[in-house]
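Just so you know, we're using our numbering here: the sequence shown kicks off at 336 and counts up by one.
By construction, the Cβ of each residue, glycine as well, lies at the ideal position given by its N, Cα and C atoms.
Written out below as structure tokens is the structure these notes cover.
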Amino acid sequence: MGRSSIMKLKCLRGPLEGREFALDPGRTYVLGREPRVEEAEAIELPSLTVSIEHADIHFENGSWLIQDRNSRNGIRLNRKKIHQGDLRSGDELDIGEFRFFLEDDSAIESLNEWDVQDYPESELTPTQRPPQTPLVSKRNEEESKGVSSKLRSLYDKLEFQIKLFIGMLLVASAVHWLIVSPFIEEAGRRLFNESVDLARQVTENLGQQYAKPMAERSYHLIDCERFRKDRLSDGLSIPNIYLFDADANILCPLGSRMVGANFLDKVKTENRLLHNCFDSLINDPSASCRLVNPVYYQLDNENSSKLVGFAVVDFVPDHVHRAMQKFQSLRWQTWLLSLLCLLGFAFLVRSWVQSALKGLTDQVYLLFTGTAQKVDSLPSFAAFDPLVEEINRLIAKINQGVSSETRLQDQEASFLQSILQQVLVLEERAIMAIDRDNNIIGMSAYVPDIIPVQDDHLNLHLSEAIADPHLQGELLSFTNELSSSGDVIDKPLSLSDRVVHARGMPIYLDDVYVASLILF
């Protein structure tokens, strides 16, 4: 006998969140709001979003099956609506406001247990054992699904305002990153260029200003001590200044050694200004920047200049660092400002939509909260105009004492019913018209989607036209209340498997109750 599959239902969302239900393969389970079953095990889900008997789960042909029991809002397996389907470990099951996660509870228990009867004795030897399938990857996959489902469940529980704030936060961050980041990067590059240009100006005219004639030499040297005293206040933080002669011999500071002399060799070869500012500052904003510039001396009697040495300056552009820090502070301020602006705009749109929906709701329910004259003023109920005009015409005839024969009365009643049918053909809501004798005289096409009715329902009594016995009694009681109260009434009506909300309005002719309109 092979091992049986024990399934476990874990409630991730709903009033039973955190509860677990172990499913025995030998039993059938019925899930619902108030399941009344004797041959099966009942799992009660206390919520109006669940039908009385919503679905059943049973084990058949080696797998678990779920089947809808004609529920009001159906079942969803992995976010897809189904009527019947197989249940597997790792699936997500939605029933009303409940969400369940399915887990095979027998997999871990039976990892090292094997049923000898599943294998013939002739095939088993002391060195043979059934192959074992590792469940590590499967468990990891199920755990990841469980974490993702919990995150989705947590997000679904958030209020609309919090979801709106999270969405605006993401939008503001994306917009801010796309607009502000390139701007700050370009501003930093321009500041670096200004620092490099300032350092270049420091070494531009060294040959003329700080030349030191040497009698025994045919070329000039640089008076580095005088240069150091004069050039330490140029807006740059200069930790090191090195001066070399034309042969790349260090002049000052005397006896010092410059780190990175290979950089000077490259300048001697190319005979032009070089620096490593962008590479150093991008990798480390607090690092120093090295600039190497050839130094020339303008000969007095010749229209030419002579290379007399090289200047190497290590400097730290402090003003660039301060400016970048201000830019970073400005970045967060603009991010916060853009977030507040987006949130303000979102709440304005939300308030506008809410006010518009409130006005629309007031108009939709005006038929059941006011008189026929108010209905006439609503374009949404323009289809009821012929019916209202016909009722007003009959009232006028009765007030004038006009008597009619029975045949004429029957013709007018039939005419009223035909007008009512034409009106309800255009109606996009579930509306039913019932006369004083509880016969159905009109119904919109959307009523059968809400309540069960017979195909030939016109001019039938409620007890014959309504297919649900619970709803028959509820409707008869409701029409009696409407005929005696004269007011608009809201009332929940019970069916065998669910509850619907109804709003009823009585219709009077010369202070006599003649019919009722019921909106489901």
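Within 10 angstroms of the beta-carbon of residue 839 lie 16 or more other beta-carbons, which makes it buried. Taking the C-beta atoms as reference points, residue 357 is found no nearer than 8 angstroms to residue 365. Judged by their CB atoms, residue 800 and residue 792 are nearer to each other than the 8 angstroms cut-off. Measuring C-alpha to C-alpha distances from residue 834 to each of 386, 351 and 350 identifies 386 as the nearest. Around the beta carbon of residue 758, 16 or more other beta carbons lie within 10 angstroms, which makes this residue buried. Taking a cut-off of 8 angstroms for Cβ pairs, the segment 348-363 and the segment 390-404 touch, as three or more such pairs fall below it. Assignment of beta-bridge partners to residue 850 by DSSP yields 770 and 842.
DSSP, reduced to helix, strand and coil, places residue 784 within a helical segment of the structure shown. Secondary structure note for residue 418: it is in no beta strand (DSSP E), with a DSSP letter that is neither H nor E. When C-alpha distances from residue 362 are compared across 348, 629, 349 and 400, the shortest belongs to 400.
For residue 677 and residue 661, the gap between their C-alpha atoms comes out near 24 angstroms.
Assignment of residue 629 by DSSP, reduced to helix, strand and coil, places it in the strand class. The alpha-carbon separation between residue 354 and residue 417 amounts to approximately 24 angstroms. Nearest Cα to residue 763 within the set 502, 651 and 854: 854. Residues of the same chain with a CB within less than 8 angstroms of the CB of residue 837, apart from the 5 flanking positions on each side, are 813, 825, 826, 827, 828, 853, 854 and 855 in chain order. By the beta-carbon neighbour count (other beta carbons within 10 angstroms, threshold 16), residue 628 is buried. When only Cα atoms are considered, residue 822 and residue 691 end up about 27 angstroms apart.
CA-CA distance, residue 438 to residue 427, rounds to 10 angstroms.
Within the same chain, Cβ atoms closer than 8 angstroms to the Cβ of residue 785 are found at 765, 835 and 855, the five residues on either side in sequence being excluded. At a Cβ-Cβ threshold of 8 angstroms, residue 436 and residue 380 do not count as neighbours. Each of 665, 372 and 670 was checked against the Cα of residue 503, and the nearest Cα belongs to 670.
In the structure shown, the three-state DSSP call for residue 505 is helix. Just so you know, the alpha carbons of residue 536 and residue 643 end up roughly 17 angstroms apart. The criterion of a C-beta distance shorter than 8 angstroms is not satisfied by residue 815 and residue 797. Short of 7 angstroms from the beta carbon of residue 848, and not among the five residues preceding or following it, lie these beta carbons of its own chain, in chain order: 771, 818 and 841.
Cβ-Cβ distances below 8 angstroms link residue 599 to 579, 583, 593, 627, 645 and 647 in the same chain, with the five nearest sequence neighbours on each side left out; the list follows chain order. Here residue 519 has 662 and 666 as same chain residues with Cβ atoms under 7 angstroms from its own Cβ, once five neighbours each way along the sequence are excluded.
The continuous beta strand (DSSP E) containing residue 393 extends over residues 390-395.
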